[in-house]
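Undergrad: For reference, each letter of the sequence shown is one residue, going 1096 to 1491 in the numbering used here. Got a structure here, written out as C-alpha cells. Questions coming.
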Amino acid sequence: MRANYDYYKAAFEGVEMPFAFVDLDLFDKNIKDIVQRVGDKSIRIATKSLRCTTLIHRILDVSPQFKGLMCFTAAEAVWLAKQGFDDLLVAYPTVHPKSIQAVFQQLQLGKKIYLMADKLEHLERISQLAEGLQITVPICMDIDMSSRYPGLHFGVHRSTINCLSKAKLFVEATQQYRTIKLCGIMGYEAQIAGLGNNVKGQGIKNTLIRFLQKKSMREVAARRQEIVAWTQNRIGPLDFVNGGGTGSVDQTVLESSLTEVTVGSGFYSPTLFDNYQQFCYAPAAAYAIEIVRQPTDHIYTCMGGGYVASGALGRDKLPLVHLPYGAKLTENEMAGEVQTPIQYKGSIDLQLGDPIFLRHAKAGELCERFNELLLLHKGKLLSGVPTYRGEGQCFL
Ligand SMILES: Cc1ncc(COP(=O)(O)O)c(C=O)c1O
C-alpha cells in the first residue's frame, strides 16, 4: 500500500502523540539500495544517524557487508561494546582521561575500539594513560579532506593532517609509542558527503556546488590514496581505510585504496538527504504531532513539533511537513516549542485529534526527542523500540 496520509493515520489510530516512527518497509528498501550502491566495499554504520540499537542490529543482520560501527563518542562505543557490538571506530578524538580509560577497559576485555587522532598531543595523552597497562591501543589517523580555493574553505575544519608530509610525521610518531598501534585511516569528504547539490530553488548554486564537488573529489581522493599508499608501505597493511558518508557513496566507492565506506543517514533518509542529484532514498523516519486547535480556516495548530536540526542556521534545518501533502509550516511561527500551526488547504477534512506527520532535517537527532521509535511493517503497527534516549543514554 502507498504510504500516504490515510495510510499512516489508520496505522497509528489511537496512539498518543507526539510519537516518532520508522516505516520498516522503507527502511529495508533503503538498506537494499545502499548495499547495491556500495558494490564490494564494506559498510561501516554511522550509529549517530540511527541512535537505536534494534535498528542497528536490523541493518547488520541484512548482510556481512555491514562490518563495524562508527561511533560518535568513546562513551557510546563503550556502551555498545558492553552490549555485544564490536569493531567500533570512534570517529572524533577523545581527550578526557576517564573516557579514554573506559575504552582501555573494553580493550582489556578483548573488544576492538579504535580511537581517532590527528595530533601528536592526542597520541601523547593516550599513551600516557596506557603506560603500565598490558594493552596496545588501536589508533585511526584522521586525514583532512577539505579543499582550499581562493576565498573558500570547501569542507569542514577537523584534522591537522592535510598533506603527505604531515601524515608522514604523524605515522612516524605513532611508531615511537609502545602502547599505540596505527590500525586505520579515515578521510571524511564532508563537502561531498554532507552537502546537498540539488536543492529546490537554488539552480545556479547547485551547479556551482556540483562543479566544486567534482573538482574537490578528484583532489582529495588523490591526497587520501597517496597517504594510504605511503602509510601501508611504511607500516604494513591497515585494518581498514574508511571514507565517505551517505551523500558521497557513489564517488567514494570508486577509490581503490578504501576498504570501507560509512553510511548512516541514508537509512532514515531525513530531509537534508532529499537534496542530492545522485540518489533518492525513501523517507523512512518521521514523527507525528496532534492537532489541538483550529484558530482560523486552514490553520491547524498542533502540540509540540519544534525539533530543529544542528548546524549552520537556515531553513533547511527546520522539520518538513511530510503529510498530508500540501500542508506546511507558517512563516511567522515555523516549528514551535509547544505549539506549531500548520497551514493546509487540501481536500482532507482535518479534525482536532488528527495527526500531522513531519520529517526531521537530520537522522539521529530525532531520537534525542523520543524514548522510542514505533515500528510499522506493511501497514501494521509493531511494538516500539527504544532510542538511545529511551535507554537512558545521552552522548551529545
Ligand atoms: C566522520 C564521519 N564519517 C561519515 C559521516 C557520514 O554519516 P552519514 O552517512 O550519516 O551522513 C559523518 C557524518 O557526520 C562523519 O562525521
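Here a beta-carbon is modelled for each residue, glycine too, at the ideal position from N, C-alpha and C.
1) Around the C-beta of G1179, are 16 or more other C-beta atoms found within 10 angstroms, so that it is buried, or is it exposed?
2) Just to check my reading of the structure: G1361 and I1129 have Cβ atoms closer than 8 Å, yes? What is that Cβ distance to the nearest angstrom?
3) Tell me the DSSP secondary structure of K1177 in three-state form.
4) What number of angstroms, rounded off, separates the C-alpha of N1370 from the C-alpha of F1306?
5) Which residue's Cα is closest to the Cα of D1345: R1329, D1392, L1468 and Q1308?
6) Under a Cβ-count criterion, where at least 16 other Cβ atoms within 10 Å of its own Cβ denotes burial, should N1494 be classed as buried or exposed?
7) So A1288 and G1339 are in contact, right, with Cβ under 8 Å, and what is the actual spacing, rounded?
8) Check whether the Cβ of Q1165 sits closer than 7 Å to any heavy atom of ligand 1, and report yes or no.
9) Would you report the Cα separation of Q1160 and K1127, rounded to the nearest angstrom?
10) Output needed for T1168: all residues of its chain with C-beta closer than 8 Å, excluding positions within five of it in sequence on either side, in chain order.
11) Could you compute how far the alpha carbon of E1385 sits from the alpha carbon of D1120?
12) Give a yes or no on whether the C-beta atoms belonging to Q1131 and V1173 are separated by under 8 Å.
13) Mind the definition here: the region 1405–1423 touches the region 1321–1332 only if three or more C-beta pairs lie below 8 Å; say whether that holds.
14) Let me know if A1225 comes out buried or exposed under the rule of 16 or more other beta-carbons within 10 Å of its beta-carbon.
15) Quick check: what's the CA-CA separation for T1148 versus A1141?
16) Assign A1197 to buried or exposed, taking buried as 16 or more other Cβ atoms, counted over all protein chains shown, within 10 Å of its Cβ.
17) If you run the structure through DSSP and keep just helix, strand and coil, what is L1470?
18) For the region 1226–1235 against the region 1252–1261, are there 3 or more C-beta pairs whose distance is under 8 Å?
19) What did DSSP end up calling L1424 once you bin it into helix, strand or coil?
20) What residue does the beta strand (DSSP E) around I1280 start on, and which one ends it?
21) Measuring CB to CB, does V1110 end up less than 8 Å from V1356?
22) Judging by CA-CA distance, which residue of T1391, I1208, R1410 and S1405 is the nearest neighbour of P1436?
23) Assign M1096 to one of three DSSP states: helix, strand, or coil.
24) In chain order, which continuous runs of the beta strand (DSSP E) of length 3 or greater are located wholly inside the region 1165–1222?
25) Return the chain-ordered list of same chain residues with a C-beta closer than 7 Å to the C-beta of P1378, the five sequence neighbours on each side being excluded.
26) With 16 as the cutoff for other CB atoms within 10 Å, does K1457 come out buried or exposed?
27) Excluding five sequence neighbours on each side, which residues of the same chain lie with their C-beta closer than 8 Å to the C-beta of R1220?
28) If you reduce the DSSP assignment to three classes, tell me which class D1444 lands in.
29) Which residue's Cα is closest to the Cα of A1404: A1430, E1216, N1301 and R1313?
30) Within the present structure, is the beta-carbon of G1340 separated from the nearest heavy atom of ligand 1 by less than 7 Å?
31) So for G1298, helix, strand or coil by DSSP?
32) Secondary structure at M1312, three-state DSSP: helix, strand or coil?
33) Determine the DSSP secondary structure at A1404, reduced to helix, strand or coil.
34) I'd like to confirm the pairing. Which residues does DSSP put opposite S1137 in its beta bridges?
35) Where does K1475 sit, in a helix, a strand or coil, going by DSSP?
TA: Result, derived from the coordinates:
1) exposed
2) 5 Å
3) helix
4) 16 Å
5) Q1308
6) Outside the shown range of the chain, which is 1096 to 1491, sits residue 1494, and nothing can be said about it.
7) 6 Å
8) It should be noted that the sequence gives Met, not Gln, for residue 1165. Yes, the Cβ of M1165 comes within 7 Å of a heavy atom of ligand 1.
9) 11 Å
10) V1185, Y1187, T1189, S1194, F1490 and L1491
11) 24 Å
12) no
13) no
14) buried
15) 12 Å
16) buried
17) strand
18) no
19) strand
20) I1275 to G1282
21) no
22) T1391
23) Bear in mind that the predicted position of M1096 carries a pLDDT of just 44, short of 50, making it too unreliable to give a figure here.
24) 1183–1188 and 1208–1212
25) L1121, S1364, H1417 and R1454
26) buried
27) V1190, P1192 and I1195
28) coil
29) A1430
30) yes
31) helix
32) helix
33) coil
34) E1355
35) strand
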